[in-house]
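Everything on this sheet refers to the single structure shown next.
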Amino acid sequence: MQKLVYVKPNGNYGNPDDCVSLKFGTPFILAELTGVGGVEKTFVTAEVGNVDGTLVQHIRTEAREVPASVWVCGSDQAEMYANRFKLISALSNTQQPGTLYYSNDYITVKADAYPLLPGDFSDRVKNYNKCNIKFYCPYPFWSDTEPMATEMSYHIEENAFSFPLVWQDTVCFAENSTTTVVYCNSSEPTPVTITLAGNLISPIVKNETTQEQIEIADVELNDGDSLTISTKKGAKSVTLYKDGVTTDAFNLVTPTSVFWQLQPGKNVITYTSNKGITAATLVLSYYNLYGGV
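Heads up, the sequence shown is in our numbering, so the first residue is 44 and it goes up one at a time.
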């Protein structure tokens, strides 16, 4: 059974007033749904003289559109029109995206989405009124609803990280460094959030699978300090929390660094420092991404 739930911007999935649920049940019956599978790709090509065919320079995945047909119903016409009004209000477009959750018998995923709703409803049969809805997802990939995480540490402090995470038991240790193997279930390259805490100087976090590394120069962390790195395209960031003050530390990234992403399958991640690490912890978190479900 398929189900769509749209949550308003800054809304809560658990609050019915913030959500509209489209499913095989009243008052919004999901009759038809497309757009949840693979997304169209555009090939950026160039032609070269005396060369057959074209050269593929880049492949871009287009934004996702999720059209759905819904029957709005009620015990009588008054309730039907009240539910129509409720649906229109819930899907009123805003300047910020909401969150679209899609569920079937196998998986539940989510994506940022803008709702598009035509001004007029179409067919009406007694107390049932049909309308066509379309959700526009600028970022085309579905993601898990909860993050995965792996911890690497010389000294693990209990309850050092309190946010909800799903932990992997693939942690091993090496002399003067930490190493872990991350098995990424994504179908697409996946950005990560790296949080470092404890006593360390100028850390280096490397994905041995892609031979890419991020090095933060001229930074020293002590107890209570932390450094957070995000590798998401379009939202890359490095944030330093030190002595109770949060600052932008993007300028500390070395010129040869690459904001790497996890590859589908096995990834070997190492955590080192040119100047030594003592009692330091690294948490690598990410959301699995899917090109279609």
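Glycine residues also receive a C-beta, built at the ideal position from the N, C-alpha and C atoms.
Secondary-structure assignment with DSSP links M195 through a beta bridge to L325. Around the beta-carbon of R107, 16 or more other beta-carbon atoms lie within 10 Å, marking it buried. Annotation: N317 to P190 spans about 30 Å, alpha carbon to alpha carbon.
9 Å or more divides the Cβ of V48 from the Cβ of G78. When DSSP assignments are scanned along the segment 95-150, the uninterrupted stretches of alpha helix (DSSP H) that are 4 or more residues long and fall wholly within it turn out to be 120-133.
Pairing L325 with T238 gives a Cβ-Cβ distance under 9 Å. Between P232 and Q139, the CB-CB gap reaches or exceeds 9 Å.
In the pairwise beta carbon analysis, the segment 174-192 is classified as touching the segment 150-159: at least three pairs are separated by under 8 Å. Here DSSP, grouped into helix, strand and coil, assigns L305 to strand.
Only exposed fits D286, as fewer than 16 other CB atoms lie within 10 angstroms of its CB.
Taking the C-beta atoms as reference points, P158 is found no nearer than 9 Å to F128. Contact check for T222 against S196 fails: the beta carbons are separated by 9 Å or more. The DSSP-derived three-state label of P59 is helix.
DSSP places F164 in the coil class of the three-state scheme, outside both helix and strand. Note that the C-beta distance between A74 and S112 is below 9 Å. Excluding sequence positions up to five before and after Y182, its CB lies within less than 7 Å of the CB of A154, D155, all in the same chain and listed in chain order. Rounded to the nearest angstrom, the Cβ distance from N58 to C116 is 23 Å, too far for a contact under 8 Å. F293 sits in a helix when the DSSP states are folded into three classes. Per DSSP, I257 is one residue of the beta strand (DSSP E) stretching across 255-258.
Taking the C-beta atoms as reference points, P234 is found nearer than 9 Å to Y329.
Looking at the DSSP output, T233 bridges to L305. Burial state of S165 is exposed, judged by a 10 Å Cβ sphere holding fewer than 16 other Cβ atoms.
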